[in-house]
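All remarks here apply to the structure that follows.
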Amino acid sequence: MSQDSILNTKSSNLKTEEMVLNMGPQHPSTHGVLRLELALEGEIINKVTPHIGYLHRCFEKHCEAMTYPQIVPYTDRMDYLAPMGNEFGYAVAMEKLLGIQVPERVEYIRVIMAELQRISSHLVALGTYGADIGAFTPFLFCFIDREKILNLFEITCGARLLYNYIWVGGLSHDLHPDFIRKTREFIKEFRPNLKEINDLLSHNRIFIDRTANVGILPIDTAINYGVSGPNLRGSGFKWDLRKDDPYSVYHKFDFNIPVGEGTYGSVGDSWDRYYVRVLEMEESCRIVEQALDQLPEGDVQSAIPKRIKPAVGTVYARVENPRGDLGYFIISDGSTSPYRVKVRAPSFVSMQILNELCKGYMVADVVTILGSIDIVLGEIDR
Amino acid sequence: MKKAEEIFQLLKDNFPASSLELKTDQPTEPILLASALEIDKLCLFLRDSSELLFDDLMNLSGVDEPKSGLLSVYYHLGSTKFKHKITLKVSTDRNKPEVSSVTEVWKASDWHEREAYDLLGIIFLNHPDLRRILMPYDWDAGYPLRKDYENPEFYQGMKVPY
Amino acid sequence: MNVYDIVFYLFAALTVISAFFVVTNRNIVYSAFFLLFTFFGVAGIYVLLGADFVAIVQLIVYVGGILILLLFGVMLTNKITNVEIKTGTINIYPAVIGVGLLTGSLLAALINTSWRSVPASAPQATTAALGTILLQEYALVFELLGIILLIALIGAASIARREA
Amino acid sequence: MKEYFGNIFTALSTIFIGMKITFKHMFVPSVTIQYPEVKPQLPERERNRLYVNMDDCIGCDQCSRACPVSCIDIETTKALPGEDIGKTSNGKKKALWVTNFTIDFAKCCYCQLCVFPCPTECIYMTDVYEFTEYKRENLVYDFVTLTKEERQEKRDNLAKFNAEKEAEKLKAASEPKPEIKKDQPEEK
Amino acid sequence: MMYDFFVDLFGNTTISGIISGFVMSLIPLFLFILPFALFAVYLERKVSAHMQDRLGPMRTGWHGWKQTIADILKLIQKEDIVAKDNDKLLFNIAPVLTFAGSYAAFAAIPFTSIFIGTEVDLGIFFIIAVTGLVVAGILMAGWASNNKYSLLGSMRSVAQIISYEIPTILVVLSLVMISGTMNLHTLSELQTGYVWNWYIFGGPGAELSKFLLIPSMFIGFLIIYISTLAEVNRTPFDIPEAESELVSGYHTEYSGMKFAMFFLAEYANMFAVSAIVVALFLGGYQSPIGYLGDLIGAKWMIPIEQFSWFTIKGVFFVFVQMWLRWTLPRLRVDQLMTTSWKYLIPIAFVNLIIIGLITLL
Amino acid sequence: MGFLDKEFNDGNIVVATAEDLLNWARLSSLWQVSFGLACCAIEMMATSASHYDFDRFGVIPRPSPRQADIIIISGTVTLKMATRIKRLYEQMPEPKYIISMGSCANCGGPYWEHGYHVLKGVDRVIPVDVYVPGCPPRPEALLEGLLKLQEKIRNESMIKKTA
Amino acid sequence: MMEVGLNHFLVVSTLLFSMGIYAIVTRKNAIMVLMGVELILNSANINFIAFSQFGNRGIDGNLFGLHGHLIALFVIVLAAAEAAIALAIVLNIYKTLSTVNIDEIDNLKD
Amino acid sequence: MAIIFVVGIVYFAKLIRPARPTKEKLTTYECGENPEGSPWIKFNIRFYVVALIFLIFDVEVVLLIPWALVYKDFGMTGFLIGGIFLVLLGLGMAYEWRKGDLEWEKPRVVPPSIKKDSIKPKVDKELVEA
Ligand code: SF4
Ligand code: SF4
Ligand code: SF4
């Protein structure tokens with residue numbers, strides 16, 4: 285345990301003593317088992333040292349022991365708020381490595397699933413963010429809507445949270461006959477609910493006071509720190525892999541990339557990051573609607589290879605997950621299981637910025653900033 | 013938007029002394045082999061050269077290659093402006109795995125490097141804070157992602173294997 | 006002995022005993038917390054003396070204000086890194102003797118003096134009457150107090166603010 | 800000054816808007832499913848506890864190999880040549896006694912990967928989710944319909960049969976044969 | 006009753022008032038505070054549940070009405086941990102002090118015209134004075150817990166309570182200026198009659214000044230409601246126990262019955278402050294529409310009606326507190342201090358002067 | 123040594139009723155340490171959310187373990203976390219209960235074989251009362267686990283209690 | 133025991149006073165000294181009020197008795213001001229010298 | 002009474018609750034971590050300043066109570082006496098406001114930025130962007 289604290293040494297000539305406060309691993313608002321070591325001066329943060337790895341589940345080791353299809357359930361368990369996205373990324377990477385062309389219908393369904401997942405993931409982000417700041421009701425409202433999305437997934441593949449749905453080359457099931465109708469219904473219901481959450485939370489004066497001008501992240505710093513996804517867009521940088529490095533069939537849809545505008549504070553503050561997510565949900569709804577309209581017919585399992593045995597080589601592919609660029613780096617040695625898989629988890633990279641963002645703010649702001657980065661520990665620790 | 017060959021050429025021109033090599037026999041993307049101790053300078057150039065502007069370190073992964081007695085590090089770089097990408101690979105001796113850190117170039121590499129250290133034991137020179145990151149700080153059973161890793165029987169009195 | 010007396014002895018005991026703890030306890034935080042009971046006891050004595058307003062003021066100002074201030078002061082000035090916060094004492098024996106002598110002589114003096122005491126009047130609500138006197142006779146003092154408080158506020162705040 | 804009063808105004812007004820919304824929700828019927836009394840309607844593709852129809856299982860071990868978690872433990876014993884074990888419902892002839900077929904539901908991750916490769920579709924997911932236990936051992940389900948004695952008998956039979964064959968072979972070639980391999984990995 | 010008995014005993018109204026108040030307060034304790042606190046916890050859970058489209062406790066008794074009883078019974082059974090680093094003595098005194106403080110406040114609350122714990126002339130200031138005990142208790146709890154969260158939580162709590170005490174006192178003062186009394190009972194009596202006699206509508210009478218007072222009184226009402234909200238640490242001012250930062254503030258280390266003391270004190274306080282607001286601005290126990298007892302000539306009914314009115318009004322404001330809590334996020338410490346020092350206090354201050362002038366008219 | 127620490131050799135009627143009452147109180151007011159580990163924690167959150175509503179059973183989250191009665195181990199317990207979980211559990215006051223939720227907490231789940239950093243079952247560090255299977259368990263399954271736990275508490279007895 | 137009268141209160145006040153003196157004399161901690169001062173002021177206040185209750189009510193009837201109260205009030209006010217300033221000074225000293233012990237402060241001065 | 006009640010109930014609870022202290026249980030809670038260092042840090046001077054301002058204001062307001070009760074009897078003079086006092090109070094307030102003593106500790110924001118070319122590059126200067 286000796287190394288556990290790196291802040292034990294305090295310089296004696298400091299006028300104000302530094303206090304080291306632990307947040308986590310068990311803490312209501314660290315979104316899981318994250319431990320933050322806060323060096324405080326009064327209530328001002330001098331330094332935040334995140335300690336991660338409390339959920340290190342050895343994903344990469346497992347990959348080396350599994351065959352390619354068996355990895356899919358494990359990818360689910362990384363970013364457990366957006367398993368569809370993880371599977372999607374894995375499928376994209378593997379298909380690139382294998383050089384498979386999958387049927388149109390598969391791609392459309394994948395997009396629909398990924399976008400629904402984005403909504404559900406952002407709903408959790410919104411909800412927990414509200415809960416961090418003390419508003420518990422929006423949290424539950426978000427969960428009500430999320431539950432509807434989970435029901436959609438459940439009728440499709442039978443699982444609520446971890447789907448094992450998107451396989452290399454195809455899907456495990458075709459859509460359920462009710463799916464399209466139910467999805468349309470959901471989107472119709474969802475829009476007013478989103479507005480309600482906006483009224484209740486996003487534009488609430490107290491919420492704005494807590495989040496605007498807190499944790500400002502300039503663009504160049506963000507890029508240098510590898511921050512991606514809504515966090516990067518919150519800083520006002522239009523960067524979305526769905527447009528900038530298109531994969532699957534995203535080029536066929538018409539949607540906007542919302543960026544932070546500094547509505548209530550400076551560009552790149554927590555409120556912007558938060559609000560980008562709200563706007564993204566609307567865009568996702570649009571994508572889902574378009575995809576449902578254009579959905580082609582076809583067989584979803586025709587392209588699934590009987591035995592996956594890629595040639596020797598490496599591949600790096602990335603997709604836009606709800607939390608940012610999710611990258612898979614796969615090295616194949618020609619056998620049925622990969623030689624090495626490395627995942628570039630978006631939260632893992634974004635988390636590094638925490639110390640920079642929190643410096644000079646107060647204890648309460650750490651929670652706000654952490655919430656606005658929207659991390660998932662399963663993905664950070666893998 | 014630049015092809016890997018052009019980037020390679022540019023690098024060759026600017027670093028005549030370095031040993032650079034472009035492996036194009038890959039099924040997906042070519043890999044640029046570089047030397048482990050010069051990678052930081054190379055990366056700085058890649059980031060700052062106005063024709064390249066690789067401002068985005070997409071990924072950094074360590075790989076154990078016990079057959080050739082090497083530990084390698086792959087860098088996946090991208091540019092948000094030109095949207096080109098490149099993959100770099102450096103290799104180092106498995107017994108004395110030392111690679112120059114690129115944290116000064118991309119802060120994003122900080123934790124990636126710590127992770128590579130933690131799981132594979134690659135030592136990144138000049139890294140500001142090279143500690144274990146995922147495994148417990150007092151884990152002394154080696155580097156789990158190495159192919160020859162053996163799990164210990166007990167950790168702090170808890171049985172580890174099933 | 007009637008209820009009044011019992012109550013008096015209760016409060017007197019509370020006051021004196023807790024005050025004793027205040028001055029003898031080596032842990033200054035304890036002292037400060039015991040001071041709470043002393044102030045409380047004194048407030049009780051004021052009530053017994055028919056000074057309800059003063060009692061309330063005592064509670065509001067001493068318990069709610071000065072005590073908190075003292076506690077904050079204690080907490081701010083003690084490096085309490087896991088050692089008991091103790092305060093040293095000096096010259097205990099001479100002090101005990103001296104204070105004992107002083108107390109003795111004071112007590113002797115006051116018991117031997119025959120105070121021109123009249124029986125206690127039935128107390129009534131004093132606040133309004135106090136207000137009347139305040140406005141009639143002590144208006145100037147009242148304003149002066151205001152000025153003093155202003156000065157105290159400015160002074161204390163600026164002293165506290167000053168970076169060493 | 801304007802800002803000062805503006806602040807007060809926006810604070811009060813947005814608080815009021817929020818209160819209106821929550822008040823409205825007081826009268827929205829609650830979405831709660833009162834679980835023990837009301838059980839939810841589960842979709843037909845529901846993935847919960849697995850069930851193995853042992854009558855159909857041919858002991859091919861496909862499911863066990865597909866499982867990423869290796870929580871299916873199958874031991875098969877070859878039937879004796881003359882023995883008729885019966886047929887599966889889709890007409891495949893069985894050739895192996897399944898003497899052990901356990902699934903450890905404490906390990907299973909309900910990924911359904913074992914379901915797809917099964918040639919006889921005898922392993923499938925059901926919608927049973929209520930199987931909480933006080934003891935972990937109770938989560939290991941044994942699907943084999945044979946009794947303990949029967950299993951042992953089959954094993955003995957095979958061993959006897961093999962021994963006989965061995966003996967014959969020994970007699971025939973008088974050279975040692977490699978041991979019979981088991982078809983599932985040994986558990987640690 | 007009790008009061009008269011003590012008057013006989015001492016022949017001294019003030020002392021008797023206070024002492025009889027203390028004795029009588031035993032009655033509200035068992036008759037009111039405990040049941041109320043239990044009810045309030047239940048109400049809170051139900052209200053929050055319904056605002057969130059849930060149901061809340063359902064499985065203990067009809068709609069879970071026995072839930073809080075079970076909670077308390079359970080808390081009694083819980084082990085009571087005093088950690089080795091805690092300061093044993095202070096750790097044990099603190100909940101007692103806090104509970105005693107919050108509950109002594111009940112002594113001065115006029116529930117009906119005949120039942121009032123004590124006739125302290127200084128009624129309202131008595132309540133303010135005893136909150137000092139709560140403050141000391143909280144500080145003690147935080148200090149004795151030897152825990153960073155507790156300490157920070159209690160310091161914040163204390164800073165918050167004292168900061169919001171000033172606007173409260175200022176508003177009370179302005180009411181004292183209008184009514185010329187500090188006695189909550191008298192104050193309630195002054196607001197007899199119908200709704201428009203309540204102080205929120207300028208108080209009794211019908212002169213010009215009454216109408217001039219209305220806006221000021223509204224502002225005063227808002228200020229005192231907000232600051233009492235802060236004094237009992239409710240959202241949006243629940244920073245001291247903000248679970249997302251400080252786990253649960255000064256009672257982080259408390260378990261079992263000692264925690265229950267804090268818990269009950271919190272809910273009792275919620276009613277106490279609502280009661281103050283009601284007594285000051287909303288006619289106290291006075292009915293807004295006249296009494297049934299008057300109508301049918303049954304004088305004995307009036308106190309009962311008054312009691313119900315008072316409780317209804319009080320519970321309504323408790324409900325509003327809950328409503329706010331389940332609607333709003335919480336402020337940050339500095340924003341909280343700013344709210345008090347830069348908004349509430351100056352406004353209350355100006356309000357006071359304006360009221361003073363109007364009353365002189 | 124309190125009442126609950128005592129063992130009664132024969133249950134007389136008073137003890138029996140008191141015990142029923144106390145058991146009832148304990149089982150209907152299970153406060154939970156708000157504590158989530160991994161994917162299962164999301165389902166746990168869903169369980170406390172409106173659709174399933176933990177509050178119906180009297181379960182409310184308490185941020186501090188000092189005021190909690192149950193701890194739901196919802197997710198993968200890693201070696202790094204195990205010591206912390208143990209400490210958290212220790213810091214809870216008696217009587218306390220544990221629900222192990224999901225495969226991971228039960229025995230390491232999908233990670234039992236190659237997980238070099240995963241504790242194979244939380245019962246290796248703390249005593250588990252109820253194992254809820256699933257990966258993740260449906261919210262209903264968790265609720266069922268809770269009901270099972272309540273049943274267990276209901277049958278708890280001070281008469282010859284061994285705990 | 134005799135009926136509680138003026139003397140009783142005076143005794144209490146005397147005891148408080150001497151304990152205050154004791155604190156001032158013996159304690160090294162400046163804040164402790166302050167507490168001692170508060171005790172002394174309290175004891176004085178008890179005297180004021182006791183005298184105005186039991187003492188001479190003066191020529192203009194009852195009102196005179198209340199002057200004691202007023203003076204006690206003033207004392208309390210001044211005590212508050214004193215406490216605020218004194219503590220601020222103590223804090224300031226602490227900031228500069230990192231101690232609140234009087235004798236150490238004495239030594240540090242040189 | 003309250004005190005007796007509380008003590009009573011706590012004692013009553015003691016009769017039935019179990020007491021099984023263990024070593025770990027008695028450690029201070031800190032999110033499951035080993036408590037690090039002592040909580041007795043010197044904390045923010047702000048707390049003191051707030052208490053100080055509060056004290057002064059408290060005293061002033063308390064002094065105003067008797068005045069508020071009776072000032073009507075004295076008409077305008079009465080009001081003025083208190084008025085001047087109030088103005089003094091206001092002055093103090095204004096002073097504190099101006100001096101920033103009413104501000105709680107505010108976040109001291111340093112927006113993060115990155116240092117470019119922190120390693121001295123050996124590349125051509127023209128190629129390097131500033
Ligand atoms: S569902 Fe998945 S984990 Fe479970 S037995 Fe089947 S393949 Fe294995
Ligand atoms: S795949 Fe089907 S038939 Fe083969 S062993 Fe498994 S359950 Fe039996
Ligand atoms: S049991 Fe399954 S869902 Fe639960 S934590 Fe483990 S992997 Fe995640």
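Residue numbers (the working numbering), protein chains in the order written: chain D, 285 to 666; chain Z, 13 to 174; chain H, 6 to 169; chain G, 800 to 987; chain Y, 6 to 366; chain W, 123 to 285; chain X, 133 to 242; chain V, 2 to 131.
All C-beta atoms in this analysis are idealised placements derived from N, C-alpha and C, irrespective of residue type, glycine included.
Given the structure is predicted, the values throughout are model-derived calculations rather than measurements.
Boundaries of the alpha helix (DSSP H) around Phe808 of chain G: 801 to 825. Under the 8 Å Cβ criterion, the segment 628 to 641 of chain D does not count as touching the segment 559 to 567 of chain D, having fewer than three qualifying pairs. Assigned with DSSP and collapsed to three states, Thr351 of chain D falls in coil, not helix or strand.
Near chain Z, meaning a CB-to-CB distance below 8 Å, the residues of the segment 598 to 613 of chain D are Thr598, Val599, Tyr600, Arg602, Asp609, Gly611, Phe613. Taken through DSSP and simplified to helix, strand or coil, Pro622 of chain D comes out as coil.
In this structure the segment 203 to 223 of chain W does not lie against the segment 873 to 881 of chain G, because fewer than three pairs of beta carbons, one per stretch, are closer than 8 Å. By the rule that beta-carbons nearer than 8 Å mark a contact, Cys441 of chain D does not touch chain W. Residues of chain V whose Cβ lies closer than 8 Å to the Cβ of Val181 of chain Y are, in chain order, Ile66, Ala69, Leu70. Excluding sequence positions up to five before and after Asp665 of chain D, its CB lies within less than 6 Å of the CB of Ile336, Gly337, Leu339, His340, all in the same chain and listed in chain order. Within 7 Å of the C-beta of Pro232 of chain W there is at least one heavy atom belonging to ligand 3. Under the Cβ criterion of 8 Å, His239 of chain W is counted among the residues facing chain Z. Not a single CB atom of chain G sits nearer than 8 Å to the CB of Met266 of chain Y. In this structure the segment 895 to 905 of chain G does not touch the segment 818 to 831 of chain G; the number of beta carbon pairs closer than 8 Å is below three. About 5 Å separates the beta carbons of Lys906 of chain G and Trp234 of chain W, which is inside the 8 Å limit, making them a contact pair. Selection Y:Asn238, Y:Gly254, Y:Ala54 evaluated against Gln165 of chain Y yields Y:Asn238 as nearest (Cα-Cα). Counting the other Cβ atoms within 10 Å of the Cβ of Tyr98 of chain H gives fewer than 16, which makes it exposed.
Close CB contacts of Ala37 of chain H within its chain, under the 6 Å cut and outside five residues either way in sequence, are with Leu75, Leu76, Val79 (chain order). Excluding residues up to 5 positions away in sequence, Gln154, Ser156 lie with their Cβ nearer than 6 Å to the Cβ of Pro183 of chain W in the same chain. Inclusion of Asp658 of chain D and Arg607 of chain D in the CB contact set at 8 Å is warranted, their separation being smaller than that value. Leu610 of chain D sits close to Asn370 of chain D, with the two beta carbons spaced by under 8 Å. Annotation: Phe960 of chain G is outside any beta strand (DSSP E); the continuous alpha helix (DSSP H) that includes it extends over 947 to 972. Ranked by Cα distance from Ile450 of chain D, the options D:Thr547, D:Tyr645, D:Met350, D:Ala366 are led by D:Ala366. Sequence-distant Cβ neighbours of Thr115 of chain Z in its own chain, meaning closer than 7 Å and more than five residues away, are Ser121, Asp122, Glu125, His139, Pro140.
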